[in-house]
Each structure stands twice: as structure tokens, then as C-alpha cells.
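**Student:**
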Amino acid sequence: MNSPLQTYLLTQKDNLNTAMVAYVANLEQVAKVKPSIARDIVNELENQRSHLKLIASENYCSLATQAAMGNLLTDKYAEGYPEHRYYGGCVNVDSVEMTAAREAEKLFGADYAYVQPHSGADTNLVAYWAILSAKVETPTLEELGVKSLNDLTAEQFDALRVKFCNQKLMGLDYSCGGHLTHGYKMNVSARMFDSYPYGVDKETGLLDYDAIEKQAMEVKPLILLAGYSAYPRSINFRRFREIADKCGAVLMVDMAHFAGLVAGKVFTGDEDPVKWADIVTTTTHKTLRGPRGAMILCKEEFADYVNKGCPMVLGGPLPHVMAAKAIAFKEANTKDYQDYAHNVQANAKALASACQKRGMKLQTGGTDNHLMLIDIYSTYGLTGKQAEAAMFQCGVTLNANALPYDPMGAWWTSGIRVGTPAITSLGMNTTDMDEIADILDYVLKGTKAGLTKDGKPAKGKVIVDAIVQENAKKRVKAILSKYVLYPELDLDFLKKHFVK
Ligand code: DSN
Numbered sequence: 002m003n004s005p006l007q008t009y010l011l012t013q014k015d016n017l018n019t020a021m022v023a024y025v026a027n028l029e030q031v032a033k034v035k036p037s038i039a040r041d042i043v044n045e046l047e048n049q050r051s052h053l054k055l056i057a058s059e060n061y062c063s064l065a066t067q068a069a070m071g072n073l074l075t076d077k078y079a080e081g082y083p084e085h086r087y088y089g090g091c092v093n094v095d096s097v098e099m100t101a102a103r104e105a106e107k108l109f110g111a112d113y114a115y116v117q118p119h120s121g122a123d124t125n126l127v128a129y130w131a132i133l134s135a136k137v138e139t140p141t142l143e144e145l146g147v148k149s150l151n152d153l154t155a156e157q158f159d160a161l162r163v164k165f166c167n168q169k170l171m172g173l174d175y176s177c178g179g180h181l182t183h184g185y186k187m188n189v190s191a192r193m194f195d196s197y198p199y200g201v202d203k204e205t206g207l208l209d210y211d212a213i214e215k216q217a218m219e220v221k222p223l224i225l226l227a228g229y230s231a232y233p234r235s236i237n238f239r240r241f242r243e244i245a246d247k248c249g250a251v252l253m254v255d256m257a258h259f260a261g262l263v264a265g266k267v268f269t270g271d272e273d274p275v276k277w278a279d280i281v282t283t284t285t286h287k288t289l290r291g292p293r294g295a296m297i298l299c300k301e302e303f304a305d306y307v308n309k310g311c312p313m314v315l316g317g318p319l320p321h322v323m324a325a326k327a328i329a330f331k332e333a334n335t336k337d338y339q340d341y342a343h344n345v346q347a348n349a350k351a352l353a354s355a356c357q358k359r360g361m362k363l364q365t366g367g368t369d370n371h372l373m374l375i376d377i378y379s380t381y382g383l384t385g386k387q388a389e390a391a392m393f394q395c396g397v398t399l400n401a402n403a404l405p406y407d408p409m410g411a412w413w414t415s416g417i418r419v420g421t422p423a424i425t426s427l428g429m430n431t432t433d434m435d436e437i438a439d440i441l442d443y444v445l446k447g448t449k450a451g452l453t454k455d456g457k458p459a460k461g462k463v464i465v466d467a468i469v470q471e472n473a474k475k476r477v478k479a480i481l482s483k484y485v486l487y488p489e490l491d492l493d494f495l496k497k498h499f500v501k
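If you count the sequence shown from 1, you need to add 1 to reach this note's numbering.
(1) Identify, in the order they occur along the chain, each residue of the same chain with its Cβ nearer than 8 Å to the Cβ of V307, setting aside the five sequence neighbours on each side.
(2) Taking the beta strand (DSSP E) that V463 falls in, what are its first and last residues?
(3) Specify the secondary structure class of L492 as computed by DSSP and reduced to three states.
(4) Output yes or no for whether 9 Å exceeds the beta carbon distance between L223 and V251.
(5) Return the CA-CA distance between N93 and F303, expressed in angstroms with no decimal places.
(6) Under 8 Å, with one C-beta from each stretch per pair, do the stretch 151-161 and the stretch 198-216 reach the 3-pair mark?
(7) Can you list, in chain order, the residues of its chain whose CB lies under 6 Å from that of R50, leaving out five sequence neighbours each side?
(8) Can you tell me the Cα-Cα spacing of A355 and M434, whole angstroms?
(9) For K326, count neighbouring Cβ atoms within 10 angstroms of its own Cβ and tell me buried if that reaches 16, exposed if not.
(10) Whole-angstrom Cβ separation of E505 and A20, contact assumed at under 8 Å?
(11) Got a sec? Which residues, its chain only, sit under 7 Å from T100 by beta carbon, not counting five neighbours each side?
(12) Could you tell me which uninterrupted alpha helix (DSSP H) segments, each at least 4 residues in length, are contained entirely in the stretch 293-337, listed from first to last along the chain?
(13) Along the chain, where does the alpha helix (DSSP H) containing L262 start, and where does it finish?
(14) How about I375 and K362: do their beta carbons lie closer than 9 Å?
(15) CB G261 to CB H119, shorter than 9 Å?
(16) Going along the chain, which unbroken runs of the alpha helix (DSSP H) with 4 or more residues stay wholly within the stretch 136-182?
(17) In three-state terms, what does DSSP make of L226?
(18) Apart from the five residues on each side of it in sequence, which residues of its chain come closer than 7 Å, Cβ to Cβ, to G310?
(19) Counting pairs of Cβ atoms below 8 Å between the stretch 459-468 and the stretch 386-400, do you hit three or more?
(20) Following a CB-centred definition, is T421 positioned closer than 8 Å to any heavy atom of the ligand DSN?
(21) Looking at the strands, I want to know which residues DSSP matches up with D15.
(22) Provide the residue span of the alpha helix (DSSP H) that contains A128, from first to last.
(23) What residues in its chain sit with their C-beta under 8 Å from that of R176, if we drop five residues either side in the sequence?
(24) What does a CB cutoff of less than 7 Å around G81 pick up in its chain, not counting 5 residues either side in sequence?
(25) Just mark A467 as buried or exposed, buried being the case when its beta carbon has 16 or more other beta carbons within 10 Å.
(26) Which full runs of the beta strand (DSSP E) of 3+ residues lie inside the stretch 338-393, going along the chain?
(27) With DSSP as the reference, label H286 as helix, strand or coil.
(28) Which ranges does the alpha helix (DSSP H) cover as unbroken runs of at least 4 residues, wholly within the stretch 388-430, from first to last along the chain?
(29) Have a look at I503 and F268 and give me their C-alpha separation to the nearest angstrom.
(30) Is it true that the stretch 338-351 meets the stretch 314-324, where meeting means three or more beta-carbon pairs spaced less than 8 Å apart?
(31) Is it true that the stretch 167-174 meets the stretch 104-112, where meeting means three or more beta-carbon pairs spaced less than 8 Å apart?
(32) Three or more C-beta pairs under 8 Å: does that hold for the stretch 4-12 against the stretch 22-30?
(33) Closer than 8 Å to a non-hydrogen atom of the ligand DSN - does that hold for the CB of A114?
(34) Looking only at its own chain, which residues have a Cβ that is under 7 Å from the Cβ of G447, when we skip the five neighbours before and after it?
(35) Do you know how far the Cα of P198 is from the Cα of E45?
(36) Looking only at its own chain, which residues have a Cβ that is under 7 Å from the Cβ of A23, when we skip the five neighbours before and after it?
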């Protein structure tokens, strides 16, 4: 009997579909060991093709990026940094890591790139400890007249540990759109730092730079941190630089959400954090459209410190993911990608105004970036969680998100966060945004709260009208049929051979 790959090759005529050949060959290897994993991969392709992805932090990376991840590079240990490893035989990993780092530096105009971190959370930890090493450890060692930590007495080392933990961090409050790792109490960042979060203006929902400056002058943080997970506006990093200089802080920016808009030259000048910050962290898989991972960009002054990410925070890097980062950075350094990034922003603006036209209330009244926060409770009387569940039943993925100072709290929430990076990667444009806003409005109008066992409205349950659900699904299908995810891949063939 023919294998799936042989069967596929027999169907091919003059134009060999090499992407499909590679996909089938890979899945065939996987299925030989564990068929259910090949099945799950194909089912995920079907899921992602059949849902409208409005999750602001997700995207679709290229098949080339995926191919760079699926290989023997995963087998290599390479703790350390290029040409300074704790293991032998790292010459190819050195080449991979240096290529990715140089591509990142070129793309962002950065002094130095460190491409090992695996996620946004650990890249922020590496950055924090690089700053602590530069600004607390090094001066302490100098003061004591010793060269290394190993020269300290037990008492001196203990005093240094206390000093590390008494440093101040000032980042955007989690409840106002900041990230967990920016000094939220449940995260290690607020346990290793003395955290003084700043908020957004209660009336406008905007960052108030004068208020941030006033707070920074009182707190005098070691680190002033800008960046967000849920803030729909651009940031003036020149202003943040002024504040940091005035209060004597290191300026760190977490650009995970909008790195693609920086790479794509949507955010330039005062809105380009790489120009103004001492250290910039980012994930590589959001607007940037690379593999799941992260990196740091920094000024020369911090290069030696971030290079010590391992042993400070990280273990072995993921060489296969660094290879994929190199591919994605190269892809992002093109006119095509810049067009993509501008379209992400144009689509977000178009979607925001189409939602407003239908009576939805938007946090800050609109968007400058790739995302918007919609006040669902005041428009439809639903919690964010209910809206998320209702939309999922109709083929749309998005997430509930707390609004600043949200009375519903961080779990149920009054709002949803909606973003355009993934749908723009599919090729959608501003003319499609009206239909998407209409589907959101149609479903949410046709949804009511479910009931608890004793007949009270349940915050997390929904009842979507059956006709509404059927119609909405048809409309989602119609729009997605115009913009097929990875059109090179023949889903029917993959399902027939790998989903049993
Ligand atoms: N999980 C990311 C997001 O959705 O914004 C942040 O880490």
C-alpha cells in the first residue's frame, strides 16, 4: 500500500506543490510514531482555517518559519552565547544565533540583539536582571573593591541580595493594560521588586505623561517600564525618555504587542522605542509574525549583561527557534512586510470605526495600533467572558479583557480585546472590517446571559439564539473562504490521511 506521501506525489502533475510535499512528509514521520499527534496538527489547521482569529496577540507565521523550527537543531545544547559556550560543537548554533541577532539589529536599528529568550515572561526577567547587574551589582562590587561575586563574604552577598530586592519598578498597572510581568502582585516581578504601578487617566483612559512624571519623581524607580498587553494607543517614548532621565531611571520598553508595527515602520520617531529606550524586550510571535519566542534589543552598555541571560535566568537556548527567528526577521525586513504592518493599523482603525457606528463603546474612543478594547457590558449588558463564549460558538476567537478600573474584575470583565494582526496576514483589508463589525454586533445582540441552576443570570454562561448562530457561522465561513490560511495546504487530503 502506498504511504500518504507516495499517494500525494502520484496526484501531482507538472507543478509540484513542494509546501504540501514537505507537510505530508513531516506528518507521515510523526504519524508513524504517534498518529494522534499528526491528527491534532491537522485538526488545528482546520480549526485555524475555520475561525476568524481576532485575538490581538496571535498571528500566522510563514511556512518557511515553521520549517526552520522542525529539525535537528533542537538536539543541541548551547548554553552561553555565540563563541562563548559551555558545550563543544556549537559552531552551527553560533552561526544560527549570530544570524538571527544580526538580522534583528538590522531590522530594528538596534545596537545589540539577544535572541535566546523563549517567551515574553523570561525575556523580561533577563532584562530585569541585566539592569540589576549593571546598576546594582557592578557598582557594589566596585565599591567593595572586588572583581566578582565569588570574592564576596557570605554577609556581603546577603546584603547584596537584599539590595537587589529593594529596587523600585514602575510599569503600567495590570488593571490598566500592563502585563503580568510589569510588577503585578501575582507575578515574581512584584516580589523581586518594590512595585509602584502607574495607571491611565480615569476619564480618557489615556496615559497621562505629566502624572507619570510626577509619580516617577516621587518614587525614583530604578526601572521605568513602558509597554502593554491591552492599550489601544501609540506611546510617546521620547516623553518616557525625558521622564526616565529626569528621575534617574533606566528606561525599559516591552514592545511585545507592537513590535511588528515598529519593524514595519508604522511607529517611527517618538513612537519607536528602540530609538529611546535602554532596553527593549519583545516576543517574536505577535504582530512581528515569527515563531513563538522572544528577544531583547539593547544599547551597547547593556550588551554584556544581557548575554548573561544564561546562567542568570535561562538554561539552554532553543536553536531551532532561533533559526526560525532569523527567517522571520529577514521576512520582516521587506517592503511587503511594511505594507502588511500598515494594513494591520488601517484595518484596526476601520474595524474600530465600524464597531462605533454600531453603537459599541471603545476604550479611549478608538485605536492607533493593532488592537481595540470594546466595552461590552455597557453596550450589550454581557460580560466579556460571555461575549467571548458567544463569539466562539459562532466561529470567532477573541478574548475577554478587563477595562481600566473594571468593576467586573480581571476574570469576568466588562470588555473584550480585538485585534487585526492575524486577519491582515490572511489578506483582509479595510473593506472587510464592516462585515466583521456587523457579525460581532449581530451575535452580541442575539445573545443573552445563561442561567445558574437556581435561575439567576450566570456571568459566564450564554445562550446564543439558534438562528443567529447559524447565520453568523455562515457569514464567518463566507469571509474566510475568500482568505484561506496557507492556501498551499490541501486540508481535505491531510484529513483523509491523518485524521482517522
Ligand atoms: N498572552 C499575551 C497577550 O495575549 O497579550 C501577553 O503575554
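By construction, the Cβ of each residue, glycine as well, lies at the ideal position given by its N, Cα and C atoms.
**Tutor:** According to the structure data:
(1) The answer, listed in chain order, is Y113, Y115, V127, A128, A131, I280, I297 and C299.
(2) First-last of the beta strand (DSSP E) with V463: P458 to V465.
(3) It is helical.
(4) The answer is yes: Cβ separation under 9 Å.
(5) Roughly 26 Å separates the two Cα atoms.
(6) Result no; under three Cβ-Cβ pairs closer than 8 Å.
(7) Cβ neighbours of R50 beyond the five flanking positions: L486.
(8) Each residue's alpha carbon lies about 7 Å from the other.
(9) Buried, by the Cβ-count rule.
(10) Outside the displayed span of the chain (2 to 501) sits residue 505, for which this structure offers no information.
(11) If we look at T100 and ignore the five residues flanking it on each side, its Cβ neighbours are A327.
(12) Entirely contained in the stretch 293-337, the alpha helix (DSSP H) runs reaching 4 residues are, in chain order, 301-307, 310-313 and 320-333.
(13) Where L262 is concerned, the enclosing alpha helix (DSSP H) stretches over A260 to A264.
(14) Against a cut-off of 9 Å, the Cβ pair of K362 and I375 comes out as a contact.
(15) Contact flag unset, no.
(16) Runs of the alpha helix (DSSP H) inside the stretch 136-182: 139-145 and 155-166.
(17) In the structure shown, L226 adopts extended strand secondary structure according to DSSP, grouped into three states.
(18) Here G310 has Y115, Q117, P118 and V127 as same chain residues with Cβ atoms under 7 Å from its own Cβ, once five neighbours each way along the sequence are excluded.
(19) Contact between the stretch 459-468 and the stretch 386-400 is present, because at least three Cβ pairs lie under 8 Å.
(20) Remark: the shortest separation between the CB of T421 and any heavy atom of the ligand DSN does not fall under 8 Å.
(21) None; D15 has no bridge partner.
(22) Residues G121 to L133.
(23) Looking at the sequence itself, residue 176 is Ser, so the reference to Arg does not match. If we look at S176 and ignore the five residues flanking it on each side, its Cβ neighbours are G200, A403, P405, Y406, D407 and A411.
(24) Cβ within range, chain order: Y87 and C311.
(25) Flag for A467 reads exposed.
(26) Fully enclosed beta strand (DSSP E) runs of 3 or longer: 372-376.
(27) When secondary structure is reduced to three states using DSSP, H286 falls in the coil class, being assigned neither helix nor strand.
(28) Fully enclosed alpha helix (DSSP H) runs of 4 or longer: 410-413 and 422-426.
(29) This structure cannot speak to residue 503, because the chain is shown only from 2 to 501.
(30) Not touching, per the Cβ criterion.
(31) In short, these stretches do not touch, since the Cβ pair count stays below three.
(32) Output reads yes: the stretch 22-30 touches the stretch 4-12.
(33) For A114, the shortest C-beta to heavy atom distance toward the ligand DSN is 8 Å or greater.
(34) If we look at G447 and ignore the five residues flanking it on each side, its Cβ neighbours are V465, D466 and V469.
(35) Rounded to the nearest angstrom, the two C-alpha atoms are 38 Å apart.
(36) In chain order, A68 place their CB closer than 7 Å to the CB of A23, counting only its own chain and leaving out the 5 sequence neighbours on each side.
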